[in-house]
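Asker:
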Amino acid sequence: MGSKNMGALCMVAMVFVLLNIGLCNGGKTSPYVRKLYASDDLPKDTFPSPPGFNAPEQVHITQGDYDGRGVIISWVTPVRKHPDVVSYWAAGAEGKHKHKHTVHSVITTYKYYNYNSGYIHHATIKGLEYDTKYFYEIGQGNSARQFHFTTPPKIGPDVPYTFGVIGDLGQTFDSYETLKHYMANPKAQAMLFVGDLSYADDHPNHDNERWDEWGRFVEKSTAYQPWIWAAGNHELDFAPQIEENVPFKPYLHRYYTPYQESQSTSPLWYSIRRASAHIIVLSSYSAFAKYTPQYTWLEKELSKVNRDETPWLIVLLHSPWYNSNSYHYMEGEAMRVTFEPWFVQHKVDLVFAGHVHSYERSERISNVKYNITNGVSTPVKDPSAPVYITIGDGGNIEGLASGFVDPQPSYSAYREASFGHAILEIKNSTHAHYTWHRNDDNEAVAADSVWLFNRHTYPNEEHN
Ligand SMILES: *[C@@H]1O[C@H](CO)[C@@H](O)[C@H](O)[C@H]1NC(C)=O
Ligand SMILES: *[C@@H]1O[C@H](CO)[C@@H](O)[C@H](O)[C@H]1NC(C)=O
Ligand SMILES: [Fe+2]
1 MGSKNMGALC
11 MVAMVFVLLN
21 IGLCNGGKTS
31 PYVRKLYASD
41 DLPKDTFPSP
51 PGFNAPEQVH
61 ITQGDYDGRG
71 VIISWVTPVR
81 KHPDVVSYWA
91 AGAEGKHKHK
101 HTVHSVITTY
111 KYYNYNSGYI
121 HHATIKGLEY
131 DTKYFYEIGQ
141 GNSARQFHFT
151 TPPKIGPDVP
161 YTFGVIGDLG
171 QTFDSYETLK
181 HYMANPKAQA
191 MLFVGDLSYA
201 DDHPNHDNER
211 WDEWGRFVEK
221 STAYQPWIWA
231 AGNHELDFAP
241 QIEENVPFKP
251 YLHRYYTPYQ
261 ESQSTSPLWY
271 SIRRASAHII
281 VLSSYSAFAK
291 YTPQYTWLEK
301 ELSKVNRDET
311 PWLIVLLHSP
321 WYNSNSYHYM
331 EGEAMRVTFE
341 PWFVQHKVDL
351 VFAGHVHSYE
361 RSERISNVKY
371 NITNGVSTPV
381 KDPSAPVYIT
391 IGDGGNIEGL
401 ASGFVDPQPS
411 YSAYREASFG
421 HAILEIKNST
431 HAHYTWHRND
441 DNEAVAADSV
451 WLFNRHTYPN
461 EEHN
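Quick note: the sequence shown uses UniProt numbering, first residue 1, plus one each step.
Encoded structure:
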């Protein structure tokens, strides 16, 4: 049967889904069609600097320790270093001066080609109370700006927590829609961001003003809830032709991570624990072969995961391992071959990746039997394997990747070339509800949804 016929058969099968006729082994290729052309980056200064001399801008927060009682607050002052102070207080303690705390920032700057950055501040606060709303203020006089965040509940196996998931966001009209839709969904308490932030490198000489523009664009979310960062290829900014030879330079100056808290030696790979989740962030664009720092660190970190405290084991990385799009096909393969046996052994629940600009969810499958002599190279259903989600559909300047391999491989459960975001609602130690929302729908519509059953506490073969 030709692949076109197979596709047609799958389409017919989908009509019968309600009748429970399973003709289409390979999961669902959504028939949903949206415009495929890429949209432009928003004009510069769509998100202007806030008013007031040297006003702090591009405010963003991320987790600042291992267990969720720390926050790193980052911002840029465009003209002068000072003020370099954050004051913060627990909600309800307003006006009582004795309850206000202050912390100073670490300040960094960098040059990139003909661009000079502003003063980039990173202030780390530790020892906050769990599950508490805090206000914080940066800047002075009429340049002062106030924001707030809420710390997560104390670590525990049944602690519910909701994460948003976005990848490959960029700064186009579509990116704007993605963020708007995400923010219109009030459930998510923290963001799992799977890499490719500003796409500044798609502009001449990697126009680093696009990094500033992006920081202002996402501030409405990043100043109020932690975004957990993973680095993508667009963070490399490696451009020897303009003598920019230091990989990740702008990204590493702008986006700090609490890597030392998990004994990592690089901000590009690290882990955090939050509520009932242990989240491991990997770098697809750093060495990961046996004996490298990332490899050694991951092996040790996996052995430290305590599923009785944090039953949900989630990995973020940029270049997907299981994806049936012809775009960036198999770029994640070397890392899969290196780390997949560990993911199966440790029963990772979920792997979120970006990079491919479309959406795809896999079955629980693994491909760990292959060795160079036995020829066993087909992915098989595996209840100990993670579900792999590719969510590189944030809406960047490069447009959608619609070239799915036909027929749909058996490991692919759902795939669609649309922009959107996802929500992962962890309910307790056994159940999580996961939904993917395409931008073209109202926020409440879930284009793809699935109940996930924890691999440690509920490793039921019949269920996802
Ligand atoms: C490769 O797989 C075959 C078949 O399962 C097995 O006999 C052989 O020992 C394996 N080779 C190595 C080096 O593990
Ligand atoms: C866990 O959450 C699911 C979904 O909300 C619920 O059906 C189940 O009863 C919960 N389990 C416990 C032990 O509360
Ligand atoms: Fe990418």
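C-beta: ideal position from N, C-alpha, C; glycine also.
Remember, predicted model here, so these are calculated numbers, not experimental data.
1) Nearest-angstrom Cα distance between F404 and S358?
2) Consult DSSP for N233 and reduce its assignment to one of helix, strand or coil.
3) Suppose the cutoff is 7 Å on Cβ atoms and the five residues either side in sequence are ignored; what does the same chain contact list for K427 look like?
4) Return the chain-ordered list of same chain residues with a C-beta closer than 7 Å to the C-beta of D84, the five sequence neighbours on each side being excluded.
5) Taking 7 Å as the cut-off, is the C-beta of T108 nearer than that to any heavy atom in ligand 2?
6) Less than 6 Å between C-beta atoms, sequence neighbours within five positions excluded: which residues of the same chain meet that for E235?
7) My guess is that L302 and W342 are in contact by the Cβ rule of under 8 Å, so how many angstroms apart are they, rounded?
8) What are the boundary residues of the alpha helix (DSSP H) that includes A123?
9) Which term fits D131, buried or exposed, when burial requires 16 or more other beta carbons within 10 angstroms of its beta carbon?
10) When the Cα atoms are used, what is the spatial distance from S384 to T378?
11) In whole angstroms, give me the CA-to-CA distance for Y136 and N114.
12) In chain order, what residues of the same chain have a beta carbon less than 7 Å from the beta carbon of G118, not counting five sequence neighbours either side?
13) Who pairs with S74 in a beta bridge, going by DSSP?
14) Using a 10 Å radius around the Cβ and a threshold of 16 neighbouring Cβ atoms, would you call Y458 buried or exposed?
15) Taking W321 as part of the beta strand (DSSP E), name the residues at either end of that continuous run.
16) Would you say N374 touches ligand 1, meaning its beta carbon is less than 7 Å from a heavy atom?
17) Look at P267 and Y256 and say whether their C-beta atoms are less than 8 Å apart.
18) Within the structure, which residues are defined as neighbours of ligand 2 by a Cβ-heavy atom distance below 5 Å, reported in chain order?
19) What I want to know is whether the C-beta of N367 ends up closer than 7 Å to one or more non-hydrogen atoms of ligand 1.
20) In terms of alpha-carbon separation, which member of N460, P293, H203, D212 lies closest to D382?
21) With a threshold of 7 Å (Cβ to nearest heavy atom), would N325 be considered close to ligand 3?
22) Inspect the beta-carbon positions of Y322 and Y370 and report whether they are closer than 8 Å.
23) Less than 8 Å between the C-beta atoms of V356 and A401, yes or no?
24) I'd like the ranges of any alpha helix (DSSP H) spanning at least 4 consecutive residues and lying wholly in the region 153-230.
25) Near ligand 3, which residues have their beta-carbon less than 5 Å from any of its heavy atoms, given in chain order?
26) Check each candidate in E309, R364, E398, I314 and name the one with the smallest Cα separation from Y327.
27) Hey, A188 and I423: beta-carbon distance below 8 Å or not?
28) What are the boundary residues of the beta strand (DSSP E) that includes A413?
29) Since H346 and Y182 should fall inside the 8 Å C-beta cutoff, what is the C-beta to C-beta distance between them, to a whole number of angstroms?
30) Going by DSSP, what residues sit across from residue 484 in a beta bridge?
Answerer: According to the data block:
1) 9 Å
2) helix
3) P160, H433
4) H104, S105, I107, H121
5) no
6) F248, Y251
7) 6 Å
8) Looking at the DSSP string, A123 is not in any alpha helix (DSSP H); the run it does join, the beta strand (DSSP E), is 119-125.
9) exposed
10) 16 Å
11) 34 Å
12) V76, T77, P78
13) H60, H122
14) exposed
15) Where W321 is concerned, there is no enclosing beta strand (DSSP E), given that its DSSP letter is neither H nor E.
16) yes
17) yes
18) K427, N428, H431
19) no
20) N460
21) no
22) no
23) yes
24) 173-184, 209-222
25) D196, G232, N233, H355
26) E398
27) yes
28) 412-416
29) So it is not a contact: roughly 30 Å between Cβ atoms.
30) Past the edges of the chain, shown from 1 to 464, lies residue 484, and the structure says nothing about it.
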